[in-house]
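What follows is a short report on a single structure.
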Amino acid sequence: MSNSRKYLQFWKKYGPCALVAGGSDGLGAAFAESLASRGMNLVLMAREKDRLEATANRIREKYSVDVLPFAVDLGDFEKVKNILADINVFIGLLVYNAAYAPIGLFENTSEEQLSLAAAVNVKTPLLLAKLLCAPMIQNRRGGIVLMSSLAGEQGSPKLAAYAATKSFNTILAEGLWKELRPHGVDVIGCCAGAILTPGYEQAEKTKQAPGTLTASKVAQLTLKALGKGPVIVPGFVNKIARFALARLMSRKAAIETMSKNTGGLS
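Encoded structure:
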């Protein structure tokens with residue numbers, strides 16, 4: 390089947406408009422561009438106004454689709470909800486890529502940082518999925534992509550709170566996958582490993598982790614897997630790593646392994 394025909398089927402299933410939360414740069418921008426290449430109009434949300442608008446302008450010019458950028462704190466669900474109410478557009482696909490990751494020892498992490506991680510990584514994707522799945526169910530079509538992480542497969546020192554929130558998103562995606570399938574709504578959780586994004590390059594002071602992928606590759610593989618199962622682990626090396634951590638190692642050994650991989654984070 391040609392790409393043009395595949396993209397047309399994708400548009401019919403999830404179009405005409407997708408919401409990408411955390412769509413200003415990195416993986417979010419890669420998702421936005423991949424969706425625009427399929428003819429999807431976009432609603433982009435992120436905190437950084439300048440980078441968000443730059444991404445929106447670039448995608449408009451390249452793909453001739455409508456792009457609505459909204460600079461908003463994704464930890465404030467009420468503001469997100471009000472924006473969606475004001476534009477009154479059917480969102481056929483939600484990609485929740487936004488995340489806040491307090492890096493460092495838990496004892497040195499502030500209450501404000503932990504509250505923000507819970508709001509951005511747990512509360513807003515949970516309530517946004519609830520909000521948007523209702524019209525999807527009514528229309529009997531739609532999709533939800535929740536970005537998780539291999540860090541959430543077990544305890545991850547120096548990323549303890551972030552890992553815990555990502556574990557939440559994986560389990561949420563699995564449950565919603567089963568519940569919403571009969572209504573024509575596809576759900577997938579993406580358990581990604583290291584991704585070449587500005588945030589990763591800034592935080593990681595050591596060499597690249599094995600299995601590191603580009604943002605574009607992760608976005609393409611995730612969208613291709615939508616509708617085929619509850620969870621995707623992009624990349625062969627990452628699939629092997631997940632299997633080893635979950636099936637071959639004890640929990641203690643898995644945590645020790647993650648500790649070695651996150652030791653360079655600061």
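Be aware that the sequence shown starts at 390, since it is given in the working numbering, and climbs by one per residue. Yeah, the Cβ is synthetic: ideal placement off N, Cα and C, and Gly gets one too.
Can you tell me the Cα-Cα spacing of residue i and residue j, whole angstroms?
i: A642; j: L397; result: 46 Å
i: S639; j: A445; result: 45 Å
i: M536; j: A608; result: 10 Å
i: A490; j: A550; result: 8 Å
i: Y722; j: L637; result: Residue 722 lies beyond the range of the chain shown here (390 to 655); nothing can be said about it.
i: L408; j: L431; result: 6 Å
i: N495; j: N510; result: According to the sequence shown, residue 495 is Phe rather than Asn. Each residue's Cα considered, the two are about 17 Å apart.
i: I480; j: L569; result: 16 Å
i: I526; j: V574; result: 7 Å
i: I629; j: S605; result: 21 Å
i: D475; j: L520; result: 14 Å
i: L503; j: K617; result: 34 Å
i: P524; j: N477; result: 11 Å
i: N497; j: L505; result: 15 Å
i: D439; j: R447; result: 12 Å
i: E467; j: K567; result: 28 Å
i: T559; j: V620; result: 7 Å
i: A598; j: A552; result: 17 Å
i: G600; j: T554; result: 22 Å
i: R394; j: K402; result: 12 Å
i: S499; j: G415; result: 26 Å
Could you tell me whether the Cβ atoms of residue i and residue j are closer together than 9 Å?
i: C579; j: G541; result: no
i: I472; j: G544; result: no
i: M434; j: L441; result: yes
i: L463; j: V469; result: yes
i: L483; j: A508; result: no
i: L615; j: G624; result: no
i: L602; j: G582; result: yes
i: I584; j: V534; result: no
i: M429; j: P405; result: yes
Could you check how far apart the C-beta atoms of residue i and residue j are, in whole angstroms? I think they sit under 8 Å.
i: L548; j: N627; result: Contact doesn't hold; Cβ gap of about 16 Å is too wide.
i: A487; j: A410; result: 5 Å
Excluding the 5 residues preceding and the 5 following residue i in the sequence, name in chain order all residues of the same chain whose CB lies nearer than 7 Å to its CB.
i: L515; result: L561
i: A418; result: G412 and T444
i: A427; result: Reading the sequence as shown, one finds Arg at residue 427 and not Ala. Correct list, in chain order: Y396, F399 and W400.
i: N650; result: A598
i: L612; result: S423
Are there any heavy atoms of the ligand ZN lying less than 8 Å away from the beta-carbon of residue i, as far as the coordinates show?
i: L615; result: For the structure depicted, the ligand ZN is absent and the ligand set is empty, with no information on it obtainable.
I'd like the list of long-range same chain contacts for residue i, defined as Cβ closer than 6 Å, with 5 residues on each side in sequence excluded.
i: S648; result: P546
i: V622; result: C580, K628 and R631
i: G531; result: G481, M525 and V574
I'd like the list of long-range same chain contacts for residue i, defined as Cβ closer than 8 Å, with 5 residues on each side in sequence excluded.
i: L634; result: L539, E542, Q543, A643, T646 and M647
Would you list, in sequence order, the uninterrupted alpha helix (DSSP H) runs of no fewer than 4 residues that lie entirely inside the region 566 to 633?
587 to 592, 604 to 614 and 625 to 632
Quick check on the DSSP output: what are the complete alpha helix (DSSP H) runs of length 4 or more inside the region 483 to 524, in order along the chain?
500 to 507
Where in the region 439 to 483 do unbroken runs of the alpha helix (DSSP H), each at least 4 residues long, occur, reported from the N-terminal end onward?
Fully contained in the region 439 to 483 are the following alpha helix (DSSP H) runs of length 4 or more, in chain order: 466 to 476.
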